[in-house]
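Here the first sequence stands for residues 0 to 196, where the numbers follow numbering that gives the first Met the number 0.
The C-beta atom is built at its ideal place from N, Cα and C for all residues, glycine as well.
Every value quoted in this text rests on a predicted model; they were computed, and no experiment measured them.
Read through the structure below, which is laid out as structure tokens, and then see the notes.
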Amino acid sequence: MRSRDGSPPARQRALPAAFYDRATELVARELLGAELEHRTARGTARGRIVETEAYLGPHDPACHAVAGLTRRTKHLHGPPGRAYVYFVYGMHWCVNAVTLEEGHGSAVLIRALEPLVGLDLMRSRRKVERDRDLTNGPAKLCAALGITGAQDGARLDRGALRILAGAPVPDERVLVTPRIGIRHAVDWPLRFVVKEA
DNA sequence: TAAAGGATTTTCT
DNA sequence: GAAAATCCTTTAC
0 MRSRDGSPPA
10 RQRALPAAFY
20 DRATELVARE
30 LLGAELEHRT
40 ARGTARGRIV
50 ETEAYLGPHD
60 PACHAVAGLT
70 RRTKHLHGPP
80 GRAYVYFVYG
90 MHWCVNAVTL
100 EEGHGSAVLI
110 RALEPLVGLD
120 LMRSRRKVER
130 DRDLTNGPAK
140 LCAALGITGA
150 QDGARLDRGA
160 LRILAGAPVP
170 DERVLVTPRI
180 GIRHAVDWPL
190 RFVVKEA
């Protein structure tokens, strides 16, 4: 399906870099409903973003920017709209979308997707019994989409790893809570989840 | 259904 | 040398 001028339909267009140059909590909220897509030689995999977490910068005790500018956090401090992909617990990758101006060190962690495209490819990358377990965690979705450190620093508005605009999620469908699963917990409402239908 | 513990290696102190 | 923005399995109730 294409519009008259030949451009792709709006809901398949990549979000522009300017989308990410705003308050990190707002970007985290508005990324719900957008679609994360990774195109590789093995094919395309895409999912709808249904859970995010905001990491605000060096003043946020749980944000990797507290370490300052290091080799690991180089792209976290990069310009808005880049991927920050990091390795944790000796075996897992997690992907973030960098927010705000270069040097700030803030980002949104993508915590969960609803699988949309490339289900067979996801199943081949993750051996799970139920499809609902393919992408319901930040490291699971990276495995399902084939995201690794090779994508660290990639532009999200063009290229193989992109975030596409999707159907907006109304407020009544969004649950807002503090972040989970981290050592330096704070009470701030920085986690955004699309409630199940 | 929930809680606990192990896997495994990069990163920074 | 310690901790880590996790996942999976096992164990307990």
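Task: Segment contact flag, the stretch 32-48 with the stretch 162-172, C-beta cutoff 8 angstroms, min 3 pairs - done: yes
- [ ] Between the Cα of Arg-28 and those of Ile-179, His-103, Arg-178 and Val-173, spot the shortest distance and give me the residue it belongs to.
- [x] Val-173
TODO: Report the residue ranges of all alpha helix (DSSP H) runs contained in full by the stretch 58-140; include only those spanning at least 4 residues, in chain order.
DONE: 118-124
Task: Contacting residues, own chain, Cβ-Cβ under 6 angstroms from Glu-50 (five flanking each side not counted) - done: Arg-110, Ala-111 and Val-192
Task: CA nearest to the CA of Arg-190, picked from Ala-13, Ala-17 and Glu-24 - done: Glu-24
Task: Contact under 7 angstroms by Cβ, Ala-44 with Gly-117 - done: yes
Open item on the list: Checking 7 angstroms against the spacing of the C-beta atoms, do Gly-56 and His-76 come in under that value?
Closed with: no
TODO: Write down the C-beta distance between Ala-153 and Arg-81 rounded to the nearest angstrom, noting that I regard them as a contact closer than 8 angstroms.
DONE: 7 angstroms
Task: For Ala-53, three-class secondary structure by DSSP - done: strand
Open item on the list: Nearest by alpha-carbon distance to Phe-86: which of Ala-142, Asp-59, Gly-42 and Gly-46 is it?
Closed with: Ala-142
Task: Complete runs of the alpha helix (DSSP H) confined to the stretch 141-193 [at least 4 residues] - done: none
Task: Proximal residues to Val-168 (C-beta, below 8 angstroms), its chain only, five neighbours per side dropped - done: Leu-31, Gly-32 and Val-193
TODO: Would you tell me roughly how many angstroms separate the C-alpha atoms of Leu-204 and Glu-52, rounded to the nearest one?
DONE: In the structure displayed, the chain extends from 0 to 196; residue 204 sits before or after that span and is not available.
Open item on the list: Using 8 angstroms for Cβ pairs, my map puts Val-65 next to Asp-151. What's the rounded Cβ distance?
Closed with: Not confirmed; about 19 angstroms, so no contact.
- [ ] Going by DSSP, name the residue or residues bridged to Arg-45.
- [x] Glu-36 and Val-116
- [ ] Kindly indicate which residue of Cys-93, Leu-14, Pro-79 and Asp-59 has the alpha-carbon position closest to the one of Thr-210.
- [x] Outside the shown range of the chain (0 to 196) lies residue 210, about which nothing can therefore be said.
Task: Helix, strand or coil at Ala-13 according to DSSP, with G and I counted as helix - done: strand
Open item on the list: For Tyr-54 and Leu-140, I'd like the C-alpha separation in whole angstroms.
Closed with: 19 angstroms
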